[in-house]
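First comes the structure, then the notes that go with it.
Numbering (this note's numbering), first residue to last: 1180 to 1449.
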């Protein structure tokens, strides 16, 4: 792991206005020239940040290749400002687009992990609506969780959790990754319905590679199979890792992710 990748200090970008303004922490590695003028954009998962293993290793790969890498923390995460409980897919999407607009990459590869896979798909959809924007060279989706509030949370809510959502506006559940519980708010769940992507064919206009563990207890691999059904038939690869968990952070998982990311960034033949 590169020392440089872990020691760069973030800059801060204000996003939103008035009471909604929050300071978003960004770490940007500048892209090279010519064929190297492409940048990874890292999109973290729920309650994860840009200092995680996969994000830092992606930045180190960018350094080795001489290309760019843009990492940031959603509001309420990592070094960014704002309250976590104010977070919604729309709010974090707004921040992702603001970071891309601010950094102005010439070409991008979106790399999204878990919830970041959902946000990557929404970023792609929003950028494709624009007349002028950085072309997307590819999407790397790691244990992607598009529509997870609709497909994975709402159908499995207990009566106690439904009551907590109605009365307190949120519910809690134990986290396997932190002593602090996961908090899911009513706003997050309601906003998720407005950001659904698994409603028809998702036109990406670029290659997509999905990496999914078959032992994933958080996002079952059947969810990635469902996502594939909503993607164009061409230029979509799904890699199922038989013994892989949700994080896919073992050395062999990282190596696989980096190989895929490099291939899409530099258009290498698989």
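Note that CB positions come from ideal geometry on N, CA and C, so glycine has one too.
- Query: How would you write the range of the alpha helix (DSSP H) that residue 1298 sits in, first residue to last?
  - Reply: 1294-1307
- DSSP state of residue 1388 mapped onto helix, strand, coil: Judged by DSSP in its simplified three-state form, residue 1388 adopts strand.
_Cβ-based burial, residue 1274 [other Cβ within 10 Å; buried from 16]_ = buried
*Would DSSP call residue 1343 helix, strand or coil?*
helix
Notebook entry, point to check: Excluding five sequence neighbours on each side, which residues of the same chain lie with their C-beta closer than 7 Å to the C-beta of residue 1183?
Noted result: In this prediction, residue 1183 has a pLDDT of 47, which is less than 50 and means its spatial position is unreliable; what the coordinates show is noted afterwards. 1242, listed in sequence order.
What separation, rounded to the nearest whole angstrom, lies between the Cα atoms of residue 1180 and residue 1201? At residue 1180 the pLDDT is 45, less than 50, meaning the model places this residue with poor confidence; the figure from the coordinates comes in the next sentence. Distance between the alpha carbons of residue 1180 and residue 1201 is about 31 Å.
Residue 1250 in three-state terms, based on DSSP: DSSP places residue 1250 in strand when its eight states are reduced to three.
- Query: Is the segment 1384-1401 in contact with the segment 1313-1322, if contact means three or more CB pairs nearer than 8 Å?
  - Reply: yes
*Does the pairing of the segment 1206-1214 with the segment 1243-1254 give three or more beta-carbon distances under 8 Å?*
yes
Check your understanding: What is the DSSP secondary structure of residue 1218, reduced to helix, strand or coil?
Key -> strand
**OP:** Please look up how many angstroms separate the CB atoms of residue 1419 and residue 1391, rounded, as I've assumed it's under 8 Å.
**Re:** 6 Å
- Message: If distances are taken between C-alpha atoms only, which option among 1393, 1378, 1430, 1203 comes closest to residue 1406?
- Response: 1378
Suppose you measure from the CA of residue 1325 to the CA of residue 1187; what does that come to, to the nearest Å? 31 Å
Which residues does DSSP pair with residue 1361 in a beta bridge? DSSP output for residue 1361 lists 1352 as bridge partner(s).
(message) Taking only three categories from DSSP, how would you classify residue 1190?
(response) strand
Can you tell me whether residue 1367 is helix, strand or coil according to DSSP? Correct three-state label for residue 1367: helix.
- Is the segment 1300-1307 touching the segment 1339-1357, taking contact as three or more C-beta pairs under 8 Å? Using a Cβ-Cβ distance cut-off of 8 Å, the segment 1300-1307 and the segment 1339-1357 are not in contact, since fewer than three pairs of beta carbons, one from each stretch, lie closer than that value.
Through-space distance from residue 1190 to residue 1169, alpha-carbon basis: The structure shown has nothing for residue 1169, since the chain only spans 1180 to 1449.
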